[in-house]
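Read the structure below first, then the notes.
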Amino acid sequence: MSRWPFFVSLLWVPVAATAAEVPVDRQAMLIARVLSYDANQPARVADGLKALVLHDASDPSSLTLARDISKVLESTTVSGVAIVARSASYSSASALESLVGRDTFDFIYVCDGLEGAIPSIVSVANKLRVPTFAGRSKYVELGVAVGIVPDAKKSRLVVHLAQAKSQGMMLSASVLGLAKVIR
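In numbering that gives the first Met the number 0, the protein residues as written are 0 to 182.
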């Protein structure tokens, strides 16, 4: 059975008109779908799939998002492989590099409240070739590889193509055809 129709249907799930972001359950499903269409993903899942959820410890909404997206990611699979999520507060690029290098995370989800840290997060992700995701299009403009954002009344993928490649992703043309691509 083809996964393609299901993937397309996820993009057209209505988003509440007043929502500031795509609900975390839809973000998690779309993250899983994008990862399943990444040709380099099978090499990452040999020992399971680990997600690092970065948040701002001083921002209550960032902490709430980190808790919620971590919980939903843990109930999500990518091509039959379960995701294990760990939440961590962002403090510095060197601390992030040490954490990601030591615990070998397969992708990073960047929560709200970290806009000023995006360049440092992206630099570490590029160096260690770890894909980044977020729920804000502004974060993708700043270098996060993939965003799952609201667009009118539906979910929308936004892909920063150069960053996705720098972070070790090789996304299929079919995914890129559905996304707003930043070159």
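By construction, the Cβ of each residue, glycine as well, lies at the ideal position given by its N, Cα and C atoms.
query: DSSP puts S88 in a beta bridge; with which residues?
result: The sequence position of residue 88 within the sequence shown is 89, counting from 1. H54.
task: Let me know if D69 comes out buried or exposed under the rule of 16 or more other beta-carbons within 10 Å of its beta-carbon.
output: Sequence index remark: in the sequence shown, residue 69 carries index 70 (1-based). The amino acid at residue 69 is misidentified as Asp; the sequence shows Ser. S69 comes out buried.
message: Which residue marks the beginning of the alpha helix (DSSP H) containing P130, and which one marks its end?
response: Here residue 130 is taken as the residue at index 131 of the sequence shown, counted from 1. Premise fails: P130 is in no alpha helix (DSSP H) and is neither H nor E.
- prompt: Between V123 and L95, is the Cβ-Cβ spacing less than 8 Å?
  reply: Here residue 123 corresponds to residue number 124 of the sequence shown, with the count starting at 1. Here residue 95 corresponds to residue number 96 of the sequence shown, with the count starting at 1. Closer than 8 Å, so yes.
message: Restricting to Cα atoms, I'd like to know which of R101, S90, A84 is closest to I107.
response: Within the sequence shown, numbered from 1, the residue matching residue 107 stands at position 108. Ranking R101, S90, A84 by Cα distance to I107 puts A84 first.
query: So, helix, strand or coil for R155, using DSSP?
result: Position 156 of the sequence shown, counted from the start, is the residue given in the question as residue 155. Correct three-state label for R155: strand.
Alpha-carbon to alpha-carbon, G100 and P127: For the purposes of this step, residue 127 is taken as residue 128 along the sequence shown, with counting starting at 1. For the purposes of this step, residue 100 is taken as residue 101 along the sequence shown, with counting starting at 1. The sequence shown places Leu at residue 127, rather than the Pro named in the question. Answer to the nearest angstrom: the Cα atoms are 7 Å apart.
field: Contact belief for H54 with A42 at Cβ below 8 Å, rounded distance in angstroms
entry: Indexing the sequence shown from 1 puts residue 54 at position 55. Indexing the sequence shown from 1 puts residue 42 at position 43. Not confirmed; about 28 Å, so no contact.
- prompt: Measuring CA to CA, which of V145, K153, G112, I82 is closest to T131?
  reply: Mapped onto the sequence shown, residue 131 falls at position 132. When each option's Cα is compared against that of T131, the closest is V145.
task: Return the first residue and the last residue of the alpha helix (DSSP H) that D24 is part of.
output: Taking the first residue of the sequence shown as 1, we reach residue 24 at position 25. Taken as a continuous stretch (DSSP letters only), the alpha helix (DSSP H) holding D24 covers 23-35.
task: Go through its chain and collect everything with a Cβ distance to V23's Cβ below 6 Å, but skip five positions before and after it.
output: For the purposes of this step, residue 23 is identified with residue 24 of the sequence shown, where counting begins at 1. Closer than 6 Å at the Cβ level, and outside the excluded window around V23, lie D67, I68, V71.
message: Can you look up T103 in the DSSP assignment and give me helix, strand or coil?
response: Taking the sequence shown and counting its residues from 1, one reaches residue 103 at position 104. Correct three-state label for T103: coil.
message: Taking 6 Å as the limit between beta carbons, can you name the residues of its chain near A38, skipping five residues before and five after?
response: In the sequence shown, counting from the first residue as 1, residue 38 sits at position 39. Result list for A38: M169, in chain order.
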